[in-house]
Every structure is written in structure tokens, then in C-alpha cells.
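Enquirer: Before we start, here is the structure in question, set down as C-alpha cells.
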Amino acid sequence: MRANTHKARLLDYLKQFGSITTLEAFRDLGNTRLAATVFHLRKELKENGETIDVRYKDVPTRFKNLDGKTKTTQVAEYFIIDYKPFDPLKELDDIINLTFGHNA
559 MRANTHKARL LDYLKQFGSI TTLEAFRDLG NTRLAATVFH LRKELKENGE TIDVRYKDVP
619 TRFKNLDGKT KTTQVAEYFI IDYKPFDPLK ELDDIINLTF GHNA
């Protein structure tokens, strides 16, 4: 990956801060198309056993409900996770070790 691209800056940001929202990407990285950058970066990370996942969180808006409470909206928050493909032999080995307390 070339240095100082949207993908490289996003990867550095995720490793440093753990997660990012669209607002943070725009403000801190100058990236106005975070979802597109994530889409392209996911392809490269998968080769290294990592992936970018998304969770949604509620954030307050400047609007109010009729009862005076602040309205919220959901925003996407992206984060890196280690991708470990399922290995049945490794899983079986882990179960044996937990059950018998030693390496079989």
C-alpha cells in the first residue's frame, strides 16, 4: 500500500485510535467517502488475516422531541478485527486441552 493515501491514513488511524466514524474521518483525515475507503481497504486486509467491521451507535442530534428530549440518530463506527478462519482441528485441540488440562 502506498503511503499517504486515504487507505493508508485510515489504517494508521484505526490502529492508533481503534475506531472511526464518518465525522472523524472527515475532520481528522479529510476523507469524505469513508465507506468507499473501507470497502477497498477490506480487500487488502483480508490477505493479512484482518478485516474491518462496523457497529452502529446512537449519537445526539440538535433536534428535540415533543417532550423536549434530544433526538438521536445512528452512525456507523468502523473498527479492525483479527480474522481467524475456523480450524476444526485447532478447536478440537483446544477442547482437549481444556478438558484434560494438558496437551494430548
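Numbered per the numbering used here, the sequence shown finishes at 662, counting up by one with no gaps.
Where a beta carbon is used, it is the ideal one built from N, C-alpha and C, also for glycine.
Quick check: the region 609-629 against the region 584-592, are there 3 or more CB pairs under 8 Å?
Expert: No, the region 609-629 is not in contact with the region 584-592.
Enquirer: Using the Cα positions of H598 and G626, report the straight-line distance between them to the nearest angstrom.
Expert: Those two C-alpha atoms are separated by around 42 Å.
Enquirer: Leaving aside the five residues before and after R560 along the sequence, list all residues of the same chain whose C-beta is less than 7 Å from its C-beta, in chain order.
Expert: Around R560: A566.
Enquirer: Give me whichever residues DSSP pairs with I610 in a beta bridge.
Expert: Per DSSP, I638.
Enquirer: Quick one, are the C-beta atoms of A634 and T579 less than 8 Å apart?
Expert: Contact: yes.
Enquirer: V617 and T631: beta carbons closer than 8 Å?
Expert: In contact: V617 and T631 (Cβ atoms closer than 8 Å).
Enquirer: Report yes if the CB atom of E602 is closer than 8 Å to the CB atom of D640, and no otherwise.
Expert: No. Outside cutoff.
Enquirer: So what does DSSP say about R560, is it helix, strand or coil?
Expert: Reduced to three states, the DSSP call for R560 is coil.
Enquirer: Looking only at its chain, what residues have a beta carbon closer than 8 Å to the beta carbon of A662, apart from the 5 residues adjacent to it on each side?
Expert: The predicted position of A662 is uncertain, since its pLDDT is 48 and thus under 50; no value can be drawn from it.
Enquirer: Pick out whichever of E649, R600, Y571 has its Cα sitting closest to the Cα of R585.
Expert: Nearest C-alpha to R585: Y571.
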